[in-house]
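**Student:** Before we start, here is the structure in question, set down as structure tokens.
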Amino acid sequence: MLIQQIAQAAHKASAVMKNLTTQQKNALLLTLKTLLLDNKELILEQNAKDVLKAKQANLASAMVDRLTLNDKNFAELVDGVSKVILLEDPVGEILQGYKVESNLNIVKKRVPFGVIAVIYESRPNVTIDIATLCIKSGNCFILKGGKEAILTNKALFDCIKQALAKHNLDTNIASLLEDSDRDNLKELLKLDQYIDLIIPRGGQKLQRFCLENATVPVITGGFGISHIFVDESASLDKAIEIILNAKLQKPSACNALDTLILHQNIADKFIEKLKQHLQNHQVYVHACDKCYDLFKDYEYLVRLQEQDLDTEWLSLNMSCVVVEDVKAAVELMCEHNACHSDAILTNNITNANYFVNHASSACVYVNASTRFSDGGQFGFGCEVAISTQKLHVRGPMGLKELTTYQYVLNGDYLVRS
Numbered sequence: 002m003l004i005q006q007i008a009q010a011a012h013k014a015s016a017v018m019k020n021l022t023t024q025q026k027n028a029l030l031l032t033l034k035t036l037l038l039d040n041k042e043l044i045l046e047q048n049a050k051d052v053l054k055a056k057q058a059n060l061a062s063a064m065v066d067r068l069t070l071n072d073k074n075f076a077e078l079v080d081g082v083s084k085v086i087l088l089e090d091p092v093g094e095i096l097q098g099y100k101v102e103s104n105l106n107i108v109k110k111r112v113p114f115g116v117i118a119v120i121y122e123s124r125p126n127v128t129i130d131i132a133t134l135c136i137k138s139g140n141c142f143i144l145k146g147g148k149e150a151i152l153t154n155k156a157l158f159d160c161i162k163q164a165l166a167k168h169n170l171d172t173n174i175a176s177l178l179e180d181s182d183r184d185n186l187k188e189l190l191k192l193d194q195y196i197d198l199i200i201p202r203g204g205q206k207l208q209r210f211c212l213e214n215a216t217v218p219v220i221t222g223g224f225g226i227s228h229i230f231v232d233e234s235a236s237l238d239k240a241i242e243i244i245l246n247a248k249l250q251k252p253s254a255c256n257a258l259d260t261l262i263l264h265q266n267i268a269d270k271f272i273e274k275l276k277q278h279l280q281n282h283q284v285y286v287h288a289c290d291k292c293y294d295l296f297k298d299y300e301y302l303v304r305l306q307e308q309d310l311d312t313e314w315l316s317l318n319m320s321c322v323v324v325e326d327v328k329a330a331v332e333l334m335c336e337h338n339a340c341h342s343d344a345i346l347t348n349n350i351t352n353a354n355y356f357v358n359h360a361s362s363a364c365v366y367v368n369a370s371t372r373f374s375d376g377g378q379f380g381f382g383c384e385v386a387i388s389t390q391k392l393h394v395r396g397p398m399g400l401k402e403l404t405t406y407q408y409v410l411n412g413d414y415l416v417r418s
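Residues 2 to 418 (my numbering) make up the sequence shown, in order.
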């Protein structure tokens, strides 16, 4: 099918999808979960082929890491489906209800968007996360995953199609675009008569391409430089635990630490405590002039370049800078794309409040790791993306973020005077 035909068929199917009951949607998701478990061996087998091709093509280690499925993250993928089944269905929620002077009754209720297209790169778990959230929120969906994960995505998508068929539902509710042609992507971005929302989940180039070419509304997310500022009042040993978690738990994640900012009054003590931990994990530190000498004898030391502060590392690299105070820290963050997840480590409530009130990030943390920026950690079951813009949503996008609202107005054969 041509892309326009796929979008048109999804648009038609949305009339059925948006009216499924919670019970029907949960039953569909339960079937999907069963099919995933039944096909686990095949899915991991196909994923191994994708990973091998990625390594042979010398793709970046961060991309290979995000591409790889194993027993642990496959279990997390399936668990996400289970968690979404247990969540309250947002569709039909009454947000507001009132009567105006004319005796018109007005109700504002939550409804699905209709058709959502999601464009994403090397993470095959996103295929199931999107499907799960779109089904529960009553949306049809068009998926365009990266070519590097095509075999895995096809195996996962087969489970989605089988689940729809088992429940006698229109299989056009879900579509997977396998063509990686940029011109076809441009066409998808302009099908505003059929598609209600585009969500690109990937790097800055993908986000920019979608924003520049789409006539469909776009929610951008996933890219941003994550900062942690260690204030002079912070408990340094506890701060080290947070930094190691933010940098090392999953270096390829978009919420992993990119730039460490240190208050000048504790920089020397803190670096002395931290550097051996970083060296043990072979973390390359791109150090500014103020702290370069403090990393003496550090094996993986690089002198900071200006472009480093705008780099989302997605690897065992991080920038390190020293500033005068919390105000300078926030100013540096604002200059260098602090729109995703950023944290202050402090025991000073005034500085904590200043940081929260002035940071422009979607997720702002006080004394916690940036790695918590995740739909599952926020109690959403899973996420479609982490929005870094200010309309229509911000942060991890779960069920409610995949809905809009509608006004329903009732009168007794009422006319306006």
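Glycine residues also receive a C-beta, built at the ideal position from the N, C-alpha and C atoms.
Just so we're clear, the structure is a prediction, and the values are computed from it rather than from any experiment.
Cutting at 7 Å between CB atoms, please list the residues of its own chain near residue 409, excluding the five before and the five after it.
**Tutor:** Within the sequence shown, numbered from 1, the residue matching residue 409 stands at position 408. Answer for residue 409: 108, 110, listed in chain order.
**Student:** Does the distance from the C-beta atom of residue 157 to that of residue 44 stay below 9 Å?
**Tutor:** To locate residue 157, count along the sequence shown from 1; it is residue 156. To locate residue 44, count along the sequence shown from 1; it is residue 43. Their beta carbons are under 9 Å apart, which means residue 157 touches residue 44 by this criterion.
**Student:** Kindly indicate which three-state DSSP category residue 63 falls into: helix, strand or coil?
**Tutor:** In the sequence shown, the residue the question calls residue 63 occupies position 62. The answer is helix: DSSP assigns residue 63 an H, G or I state.
**Student:** Quick check: residue 93 and residue 21, are their CB atoms within less than 9 Å of each other?
**Tutor:** Here residue 93 corresponds to residue number 92 of the sequence shown, with the count starting at 1. Here residue 21 corresponds to residue number 20 of the sequence shown, with the count starting at 1. No. Outside cutoff.
**Student:** Residues in its own chain within less than 6 Å of residue 115 by CB, not counting five upstream and five downstream?
**Tutor:** Locating residue 115 in the sequence shown gives position 114, where the first residue counts as 1. These residues qualify, in order along the chain: 15, 197.
**Student:** Within the same chain, show all residues whose beta-carbon is closer than 7 Å to that of residue 185, passing over the 5 residues directly before and after it, in chain order.
**Tutor:** As a working note, residue 185 is residue 184 in the sequence shown. Answer for residue 185: 4, listed in chain order.
**Student:** Taking only runs of the alpha helix (DSSP H) that begin and end inside the stretch 213-298, which ones reach a length of at least 4 residues, in chain order?
**Tutor:** With a minimum length of 4 residues, the continuous alpha helix (DSSP H) runs that stay inside the stretch 213-298 are 237-249, 268-281, 290-293.
**Student:** Who are residue 414's beta bridge partners in DSSP?
**Tutor:** Here residue 414 is taken as the residue at index 413 of the sequence shown, counted from 1. Its beta-bridge partners do not exist; DSSP assigns none.
**Student:** Hey, quick one: how far does the alpha helix (DSSP H) through residue 196 stretch, first residue to last?
**Tutor:** Counting from 1 along the sequence shown, the entry for residue 196 is found at position 195. Taken as a continuous stretch (DSSP letters only), residue 196 belongs to no alpha helix (DSSP H), as it is neither H nor E.
**Student:** Which residues mark the beginning and the end of the alpha helix (DSSP H) in which residue 357 is found?
**Tutor:** Numbered from its first residue, the sequence shown carries residue 357 at position 356. 350-359 is the extent of the alpha helix (DSSP H) around residue 357.
**Student:** Please report the straight-line C-alpha distance between residue 224 and residue 102, rounded to a whole angstrom.
**Tutor:** Taking the first residue of the sequence shown as 1, we reach residue 224 at position 223. Taking the first residue of the sequence shown as 1, we reach residue 102 at position 101. Distance between the alpha carbons of residue 224 and residue 102: 47 Å.
**Student:** Check for me: the beta strand (DSSP E) holding residue 343 runs from which residue to which?
**Tutor:** Sequence index remark: in the sequence shown, residue 343 carries index 342 (1-based). Unbroken beta strand (DSSP E) run through residue 343: 342-346.
**Student:** Indicate whether residue 126 and residue 77 have their beta-carbon atoms separated by less than 9 Å.
**Tutor:** Within the sequence shown, the letter at position 125 stands for residue 126. Within the sequence shown, the letter at position 76 stands for residue 77. Yes, Cβ-Cβ distance for residue 126 and residue 77 is below 9 Å.
**Student:** What's the gap between the Cα of residue 170 and the Cα of residue 84?
**Tutor:** For the purposes of this step, residue 170 is taken as the residue at position 169 of the sequence shown. For the purposes of this step, residue 84 is taken as the residue at position 83 of the sequence shown. Taking the straight line from one Cα to the other gives about 23 Å.
**Student:** Quick check: the Cα distance between residue 318 and residue 267, rounded to an integer number of angstroms?
**Tutor:** By 1-based counting over the sequence shown, the position of residue 318 is 317. By 1-based counting over the sequence shown, the position of residue 267 is 266. Their Cα atoms are separated by approximately 22 Å.
**Student:** Check whether the stretch 357-368 touches the stretch 274-287, counting contact only when three or more Cβ pairs, one atom from each stretch, lie closer than 8 Å.
**Tutor:** No, they do not touch.
**Student:** Going by Cα to Cα distance, which pick from 244, 220, 251, 183 is closest to residue 231?
**Tutor:** Locating residue 231 in the sequence shown gives position 230, counting from the first residue. When only C-alpha atoms are compared, the closest one is 244.
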